[in-house]
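Peer 1: Residue numbers (my numbering): 34 to 67. Following this message is one structure expressed as structure tokens.
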Amino acid sequence: MNHQLLYQDQVAKQALAAFRYAMLSKLIFAQYSI
């Protein structure tokens, strides 16, 4: 098992989750601001 690959996979998943959360909150904020 490659630990560095596993670590990079975890970082990529967290980055993707943060990006999706930011996009979702941006959409919600845009709806409420109108």
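C-beta: ideal position from N, C-alpha, C; glycine also.
(1) Apart from the five residues on each side of it in sequence, which residues of its chain come closer than 7 Å, Cβ to Cβ, to Gln43?
(2) Whole angstroms are fine: how far does the CA of Leu57 sit from the CA of Leu39?
(3) Between Lys46 and Arg53, what straight-line distance do the alpha-carbon atoms span, to the nearest angstrom?
Peer 2: Working from what's here:
(1) The residue given as residue 43 occupies position 10 in the sequence shown. For Gln43, where only same-chain residues beyond five positions count, there are no Cβ hits under 7 Å.
(2) Indexing the sequence shown from 1 puts residue 39 at position 6. Indexing the sequence shown from 1 puts residue 57 at position 24. Distance between Leu39 and Leu57, taken at the CA atoms: about 27 Å.
(3) Taking the sequence shown and counting its residues from 1, the one referred to as residue 46 is at position 13. Taking the sequence shown and counting its residues from 1, the one referred to as residue 53 is at position 20. Within the model, the alpha-carbon separation for Lys46 versus Arg53 is close to 11 Å.
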